[in-house]
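Trainee: Position one of the sequence shown corresponds to residue 1 (the UniProt record's numbering), numbered consecutively onward. Backbone N, C-alpha and C fix where the C-beta goes; we use that ideal spot for every residue, glycine too. Because the structure is a prediction, the values reported are computed rather than measured.
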Amino acid sequence: MNAAVTTSPVVGPPLWLLLELTYRCPLQCVFCYNPIDFAKVEDELTTEEWIRVLREARALGSVQLGLSGGEPLMRDDVEAIADEAHRLGYYTNLITSGVGLTRERLSELKRVGLDHIQLSFQDSTKEMNDFLSHTRTFELKKRCAEWIKEHGYPMVVNCVIHRLNIDHLDTIIDMAVRMGADYLELANTQYYSWAHLNREHLLPSREQLQKAEQTMQTWRERMKGKMKIFFVVPDYYEQRPKKCVNGWGTTLATIAPDGMAMPCHTARMLPGLSFPNVRARSMKEIWFDSDAFNRFRGQGWMKEPCASCEEREKDFGGCRCQAYLLAHDAAAADPVCSKSPHHRVVVSAVERAQQTRVPEAPLVFRRPENSRSYS
Ligand code: SF4
Ligand code: SF4
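1. Could you please give the first and the last residue of the uninterrupted beta strand (DSSP E) stretch that includes S120?
2. Can you say whether K141 is buried or exposed, counting buried as having 16 or more other CB atoms within 10 angstroms of its CB?
3. Hey, P335 and V350: beta-carbon distance below 8 Å or not?
4. Which term fits G12, buried or exposed, when burial requires 16 or more other beta carbons within 10 angstroms of its beta carbon?
5. Pick out every residue whose C-beta is nearer than 6 Å to a heavy atom of ligand 2: which are they, in chain order?
6. Applying the 10 Å Cβ sphere with the 16-neighbour rule, what's the burial state of Y324?
7. Could you tell me whether any non-hydrogen atom of ligand 1 is closer than 7 Å to the CB of Q28?
8. Tell whether a beta-carbon distance below 8 Å holds between Q64 and Y33.
9. When the Cα of A267 is compared with those of I95, P154, R143 and F293, which residue comes out closest?
10. Could you tell me which whole alpha helix (DSSP H) segments of length 4 or greater appear in the region 10 to 65?
11. Decide if G61 is buried, meaning its Cβ has at least 16 other Cβ atoms within 10 Å, or exposed.
12. Is L202 near R163, with beta carbons less than 8 Å apart?
13. In angstroms with no decimal places, state the Cα-to-Cα distance between L132 and P9.
14. Which term fits R111, buried or exposed, when burial requires 16 or more other beta carbons within 10 angstroms of its beta carbon?
15. With a threshold of 7 Å on Cβ separation, who are the neighbours of R220 within its own chain once the five nearest residues in sequence on each side are excluded?
16. Here's the rule: buried if 16 or more other CB atoms are within 10 angstroms of the residue's CB, otherwise exposed. What is Q190?
17. Provide the residue(s) that pair with C159 in DSSP beta bridges, ordered along the chain.
18. With C-beta atoms as the reference, is F31 less than 8 Å away from W194?
19. Using a 10 Å radius around the Cβ and a threshold of 16 neighbouring Cβ atoms, would you call E127 buried or exposed?
20. Thinking just about the alpha-carbon of each residue, which of V78, H342 and I166 is nearest to the one in R105?
21. Between the C-alpha atoms of D167 and E56, what's the straight-line distance to the nearest angstrom?
22. Determine, using beta-carbon pairs with one atom in the region 312 to 322 and one in the region 237 to 254, whether at least three such pairs fall under 8 Å.
23. Rounded to whole angstroms, how far is the Cβ of E71 from the Cβ of S97, which I believe are closer than 8 Å?
24. Could you pull out every residue in the same chain whose Cβ sits closer than 7 Å to the Cβ of N2, ignoring the five residues on either side in sequence?
25. What's the C-alpha gap between M227 and S68?
26. Among residues of its own chain, excluding the 5 on either side of S290, which ones have a beta-carbon nearer than 6 Å to its beta-carbon?
27. Between the alpha carbons of N158 and Q118, how many angstroms are there, rounded?
28. How is Y374 classed by DSSP in three states: helix, strand or coil?
29. For Y91, write down the residues that DSSP places opposite it in a beta bridge.
30. So, is Q217 buried or exposed, given that buried needs 16 or more other C-beta atoms within 10 angstroms?
31. Cβ-heavy atom distance between E71 and ligand 1 below 7 Å?
32. Give me the residue from R297, Q214, M223 and L270 with the minimum Cα distance to T251.
33. Taking 8 Å as the CB-CB limit, is K314 close to chain B?
34. Expressed to the nearest angstrom, what Euclidean distance is found between the alpha-carbon atoms of S348 and Y236?
35. DSSP state of L326, grouped into three classes?
36. Would P257 pass as a contact of V41 if the rule is Cβ separation under 8 Å?
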C-alpha cells in the first residue's frame, strides 16, 4: 500500500533567520558554501532594508539570528544591524573569518548586545590555513581569537574538515584548546557549491575518517567539562541523508545579500523555483504563501521511494540541493540514501576517495573571476 501523505503541513514560524549580509569576502576558500556564481550578485540590501527584514521576521516569531556572508564584516553596518536585533530580542550570532574585526569594532558589537561570535579557521598550520583560503590570514585569526576572549565572549571555533586537513585533527583540537575555546565545531565539508566543484580533492578516505573519529574521541574524554567538541561524519559515508534544514520551510529562512529569500542558503541553484525577494514581498507573504517556500514543505511533493518510506518523517527525503546536484532532480530522494536509485553516484565518489591518485582537475579557489566564468 502506498502510504504517501498529501495533506498540507502545519506551518510554524521561521525560528532561525540567517542574513547573508554580503557575498564579498577576502578569503577564497576551496569549500565555500556560497553560490558558485556569487560574483553576479552586487546589489546588496541597504541597512534600512535589513532592519525591515529583522522586524518583519521577529513579528512572525523568529528568535535566532545568524549574521553571515561572505564575510559580514565587509559591511560597516553590522553593528547597527546587531543593535536593532538586540533591541528586538533576537539571540544573535556573528559568523566570521575574523577579517575586518578590530578591537574597536568588537567593543562596539559587545556594547550593542551581540550575543555570540563564531570564528573560523581553515587549519592549525599557517601554511595550510593560508593555502586553503588563498590569503595570509592565520596570524590575524589568532589575534581575533584573543580579542574575542578579552571581550568576554564564549570562544566558538569552527574548522571545516576535509581530505586536505583531516590528518591534522589532533593539532587543530590542540590549537583550539590553547586558544581557550569553549566550543569547537569540526564541520565535515558538505559537498555543495565550491566544495562540490572540488569534491575529488576534498572527500576524505574511510581510513582518514576512522582515525579522525578516534582522535576526536580521545580529546572529548580529555576535555570533558572544559570544551565541547562537535564532529559530524560527512553524509557521503552514511546510508541515510540528514534532515536538511530541519525540513524545507519548517524552521529556517535565509536572506541572500540581494534580498532573495530561500529555505536554505544553497537553494539558489535549484531550477524551476522563483525565489521571492524581500524588496517586493513581506516576510509573512514569503514564509506562508510563496511557491518557493511551499514547494517541498511536508511530504506531498515526494516521489518513490520516499513517498511510501517509513523513514520519511525522520529525514524528509534529505537535501533538495544534493538531490538536484547528484540526481538532477530536486524532488528525488537524496542520493546519499541507500534506497535511492541514484545512490551509486555517492558510492562511486566514496570508492574514488579510497585511491591515492591526484585528481586531474585542479583545485578551484572561490575567486570572483572564477565565479564569473560560471555565471
Ligand atoms: S567559506 Fe571562506 S570564502 Fe566562503 S564566505 Fe566563508 S571565509 Fe569567505
Ligand atoms: S527513501 Fe527517502 S524518506 Fe526513505 S530514508 Fe531514503 S531519503 Fe529518507
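Mentor: So, from the data block:
1. Boundaries of the beta strand (DSSP E) harbouring S120: H116 to F121, taken from the DSSP string.
2. By the neighbour-count rule (16 or more Cβ atoms within 10 Å), K141 is buried.
3. Against a cut-off of 8 Å, the Cβ pair of V350 and P335 comes out as no contact.
4. Exposed.
5. These are the residues, in chain order, with a beta carbon less than 6 Å from any non-hydrogen atom of ligand 2: R240, P241, P305, C306, C309, E311, R312, D315, G317, G318, A333, D334, C337 and K339.
6. Classification of Y324: buried, given that the 10 Å Cβ count is 16 or more.
7. Remark: the C-beta of Q28 is in contact range of ligand 1, defined as less than 7 Å to any heavy atom.
8. Going by C-beta atoms, Q64 is not nearer than 8 Å to Y33.
9. Closest by alpha carbon: F293.
10. Counting whole runs of 4 or more residues, the region 10 to 65 contains the alpha helix (DSSP H) stretches 47 to 60.
11. Exposed, since its Cβ has fewer than 16 Cβ neighbours within 10 Å.
12. Going by C-beta atoms, L202 is nearer than 8 Å to R163.
13. C-alpha separation (whole angstroms): 42 Å.
14. The residue in question, R111, is exposed, as its Cβ has fewer than 16 Cβ neighbours within 10 Å.
15. Excluding sequence neighbours, R220 sits near I229.
16. Label assigned to Q190: buried.
17. The partner list for C159 (beta bridge, DSSP) reads F121 and L186.
18. Annotated as proximal: F31 and W194, with beta-carbon spacing under 8 Å.
19. The Cβ neighbour count for E127, taken over all protein chains shown within 10 Å, is under 16; the residue is labelled exposed.
20. When each option's Cα is compared against that of R105, the closest is V78.
21. Approximately 45 Å, taken between the alpha carbons.
22. Yes: at least three Cβ pairs fall under 8 Å.
23. Between S97 and E71 the Cβ distance is about 5 Å, and since that is below 8 Å, they are a contact.
24. Below a pLDDT of 50, predicted positions are generally treated as unreliable, and N2, at 45, falls in that range; no measurement from the model is reported.
25. Answer to the nearest angstrom: the Cα atoms are 24 Å apart.
26. The residues are P276.
27. One C-alpha to the other measures close to 7 Å.
28. The answer is helix: DSSP assigns Y374 an H, G or I state.
29. Answer is Q64.
30. Q217 comes out exposed.
31. Yes, since a heavy atom of ligand 1 falls inside the 7 Å radius drawn around the Cβ of E71.
32. Residue R297 is the option with its Cα nearest to T251.
33. The question asks about chain B, but that chain is absent: this structure has only one protein chain.
34. Separation of S348 and Y236 (C-alpha to C-alpha, rounded to the nearest whole angstrom) is 10 Å.
35. Looking at L326 - three-state DSSP - the assignment turns out to be helix.
36. For P257 and V41, yes; Cβs fall inside 8 Å.
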